[in-house]
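**Student:** Mind having a look at this structure? Questions to follow.
Residue numbers (the numbering used here), protein chains in the order written: chain L, 12 to 186; chain P, 12 to 186; chain H, 12 to 186.
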């Protein structure tokens, strides 16, 4: 049985930076069974279309797909195995869902950290860097980028590898 | 006759990051005849002023200037020669113009890709990275950053060198 | 008496990127007396809370704190010594204050450049990269990011080290 070294990888990037495609290549290179955890919810037609585009781009090359908008740490705990790679796409949509449903953000982040530390498999996280523009007028948007930034720091500190992707090109920040 | 190795260079950066000045230095270092392709249109006084500032900063040190808001691939095909370097400033303004006039974006991007692959000269592209802030409220702005991101990936995959510029400092992503 | 090599360090990053914590570590590593120059003003409750969080995170491990929203160059001139490190957090809030009070931005930037060139101590500047999102609708926001970008280029050109921080991880751009 082929296995992976356990631990987390973080792939950060902007909108349409090619971060998902890069993360999929990282996952495929492990050579083990691939599980995809989609955190996005199809709130409206535009979101539905974006999810569909991701699905089409990813193709059906052996991915097992899970939809998990909220209970991400639990889903990782239940799904991860030493002969599997998990791709979580993406952390920022998970943060959005937690905020919209009024969950305890800090508790959820701590649960995710615990899941990363104890996972027997490999977990590749994709997330949007959203903090490099002008301070948003909207208070909820400011809170969102604060949460996202804190989560990225937390995951990056536990990850074995961190990449920043721009124009489809990965820049290794850690590992 | 001094000539250049053919191919494209992509210089990405944020607003006022020094990306244009860096691209101008790259172009000047080739030592061949320099042609500047400006894609920006002076829609209003502010834009006119920004274009004027760029022109003043660039100076008149031997640049031949072309204004080309839409037919960029054709202009590259017509202008490029093995003893010339072209500086295109910038791709994001070209995308803006294509969108505002209702052009077929995908066809235009494919034409640009073909121009890059076949060019006998060196072409340095400047573009704004716009995908690292909060998701914009405005649908057209979201479409714009999707188009820009896809174009950056496409050009970067064909380019021999890609740079990310921040605070006037280039970071080599490829090449 | 322990002293530092004189000069400036620039730490750029997005919102909640971990840039302040990284800059504090850089300052602490010098082993000399630490002075903190806070440029932020507590305009409202949210800002007051953010300033308080920074203060709590920094702790009281031997920092001497100065509040200086406007006369930053003068304060650096008055405070810097060869046996001290100054941490300025942050340049973007200083630019905001200059704009809101109608100061001469160019003159202020030149004064800061002069302070950097002549300082006998080490000065670590923290600043927000704000130019990597969509062009803001608001004219003042566009002017702000132009000013911030120019200031970053100016400080980076004089600095001995420049870092870009994302997800708590520093990327060395210069030095």
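Even glycine gets a Cβ: it sits at the ideal position worked out from N, Cα and C.
Bear in mind the structure is a predicted one, so any value in this text is a computation, not a measurement.
For the region 170 to 183 of chain H, enumerate the residues whose C-beta is nearer than 8 Å to any C-beta of chain P, in chain order.
**Tutor:** Within the region 170 to 183 of chain H, the residues whose Cβ lies closer than 8 Å to some Cβ of chain P are 173, 175, 182, listed in chain order.
**Student:** Do residue 28 (chain L) and residue 167 (chain L) count as a contact pair if the criterion is CB distance below 8 Å?
**Tutor:** No.
**Student:** Is the region 104 to 112 of chain L close to the region 66 to 75 of chain L, with three or more CB pairs under 8 Å?
**Tutor:** Counting Cβ pairs under 8 Å, fewer than three are found: no touch.
**Student:** What residues from the region 118 to 146 of chain H come within 7 Å of chain P, judged by C-beta to C-beta, listed N to C?
**Tutor:** Cβ contacts with chain P come from 140, 142, 143, 144, 145.
**Student:** Could you please tell me which residues of the region 60 to 83 of chain L, in chain order, have their CB closer than 7 Å to any CB of chain H?
**Tutor:** The region 60 to 83 of chain L vs chain H, Cβ under 7 Å: nothing.
**Student:** Would you kindly report the start and end of the unbroken beta strand (DSSP E) that includes residue 74 (chain P)?
**Tutor:** 74 to 78 is the span of the beta strand (DSSP E), which, as asked, contains residue 74 (chain P).
**Student:** Whole beta strand (DSSP E) runs in the region 77 to 112 of chain P with 3 or more residues, listed along the chain?
**Tutor:** Listed in chain order, the complete beta strand (DSSP E) runs (minimum 3 residues) inside the region 77 to 112 of chain P are 95 to 100.
**Student:** Less than 8 Å between the CB atoms is what I'm expecting for residue 176 (chain H) and residue 18 (chain H), so what's the real figure, rounded?
**Tutor:** No, residue 176 (chain H) and residue 18 (chain H) are not in contact; Cβ-Cβ is about 19 Å, not under 8 Å.
**Student:** Compare the beta carbon distance of residue 83 (chain P) and residue 130 (chain P) with 8 Å and say whether it is the shorter of the two.
**Tutor:** No. Outside cutoff.
**Student:** Do you know offhand how far residue 95 (chain P)'s Cα is from residue 15 (chain P)'s?
**Tutor:** Spanning the two alpha carbons is a distance of roughly 7 Å.
**Student:** Quick check: is the beta carbon of residue 34 (chain H) nearer than 8 Å to any beta carbon in chain P?
**Tutor:** Answer no: the Cβ-Cβ gap between residue 34 (chain H) and chain P never drops below 8 Å.
**Student:** For residue 65 (chain P), which three-state DSSP category applies?
**Tutor:** It is helical.
**Student:** With DSSP as the reference, please indicate the residues paired to residue 135 (chain L) in a beta bridge.
**Tutor:** Its beta-bridge partners are L:20, L:98.
**Student:** So residue 79 (chain L) packs on residue 127 (chain L), CB below 8 Å; how close in whole Å?
**Tutor:** About 15 Å separates the two Cβ atoms, so there is no contact after all.
**Student:** With a threshold of 8 Å between beta carbons, is residue 163 (chain P) in contact with chain L?
**Tutor:** So, interface residue.
**Student:** Can you confirm whether residue 27 (chain P), when its beta carbon is compared against all beta carbons of chain L, has any partner nearer than 8 Å?
**Tutor:** It does not: the Cβ of residue 27 (chain P) has no partner Cβ on chain L nearer than 8 Å.
**Student:** How is residue 12 (chain L) classed by DSSP in three states: helix, strand or coil?
**Tutor:** Looking at residue 12 (chain L) - three-state DSSP - the assignment turns out to be coil, as it is neither helix nor strand.
**Student:** So, for residue 132 (chain P): in the same chain, excluding its five sequence neighbours on each side, which residues have a beta-carbon less than 7 Å away from its beta-carbon?
**Tutor:** Excluding sequence neighbours, residue 132 (chain P) sits near 15, 17, 91, 92, 93, 95, 96, 97.
**Student:** In this structure, what does DSSP give as the bridge partners for residue 48 (chain P)?
**Tutor:** DSSP output for residue 48 (chain P) lists P:77, P:99 as bridge partner(s).
**Student:** At a CB-CB cut-off below 8 Å, which residues of chain L make contact with residue 157 (chain P)?
**Tutor:** Those are 26, 27, listed as they occur along chain L.
**Student:** Tell me the DSSP bridge mates of residue 172 (chain P)?
**Tutor:** P:20.
**Student:** How about residue 31 (chain P) and residue 137 (chain P): do their beta carbons lie closer than 8 Å?
**Tutor:** Yes, Cβ-Cβ distance for residue 31 (chain P) and residue 137 (chain P) is below 8 Å.
**Student:** Which one of H:57, H:58, H:69 has the shortest CA to CA distance from residue 38 (chain H)?
**Tutor:** Considering only alpha carbons, the answer is H:69.
**Student:** Assuming residue 144 (chain P) contacts residue 141 (chain L) (C-beta within less than 8 Å), just tell me the rounded distance between them.
**Tutor:** Their Cβ separation, rounded to whole angstroms, is 6 Å, which keeps residue 144 (chain P) and residue 141 (chain L) in contact under 8 Å.
**Student:** Can you tell me which of L:44, L:186, L:45, L:62 puts its alpha carbon nearest to the alpha carbon of residue 52 (chain L)?
**Tutor:** Considering only alpha carbons, the answer is L:62.
**Student:** Quick one: does residue 19 (chain P) have its CB under 8 Å from some CB of chain H?
**Tutor:** Closer than 8 Å: no.
**Student:** Run through DSSP, which three-state label would residue 177 (chain H) get?
**Tutor:** Strand at residue 177 (chain H).
**Student:** Assign residue 159 (chain P) to one of two classes, buried (16 or more other C-beta atoms within 10 Å of its C-beta) or exposed (fewer than that).
**Tutor:** Per the 10 Å Cβ criterion, buried.
**Student:** For residue 89 (chain L), which of L:123, L:35, L:66, L:33 has the nearest alpha-carbon?
**Tutor:** That would be L:123, whose Cα lies nearest to the Cα of residue 89 (chain L).
**Student:** Give the straight-line distance between the Cα atoms of residue 139 (chain H) and residue 114 (chain H), rounded to the nearest whole angstrom.
**Tutor:** Taking the straight line joining both Cα atoms gives about 20 Å.
**Student:** Tell me, which residues are paired with residue 185 (chain L) by DSSP?
**Tutor:** L:173, per the DSSP bridge assignment.
**Student:** I'd like to confirm something about residue 82 (chain L): is its beta-carbon nearer than 7 Å to some heavy atom of the ligand GDP, or not?
**Tutor:** By its list of ligands, the structure shown contains no ligand whatsoever, and the ligand GDP lies outside what it can speak to.
**Student:** Where does residue 148 (chain L) land, buried or exposed, given buried means 16+ other C-beta within 10 angstroms?
**Tutor:** Exposed, since its Cβ has fewer than 16 Cβ neighbours within 10 Å.
**Student:** What does residue 167 (chain L) reach in chain P if we use C-beta pairs closer than 7 Å?
**Tutor:** By Cβ distance, chain P contributes nothing, its closest Cβ being about 16 Å from residue 167 (chain L), past 7 Å.
**Student:** Once you ignore the five residues that flank residue 173 (chain P) on each side, which residues in its own chain have a CB closer than 6 Å to its CB?
**Tutor:** Cβ within range, chain order: 21, 167, 184, 185.
**Student:** Assuming residue 162 (chain P) and residue 120 (chain P) are in contact, meaning their beta carbons sit under 8 Å apart, how far apart are those beta carbons, in whole angstroms?
**Tutor:** Rounded, the Cβ-Cβ distance is 6 Å, consistent with contact.
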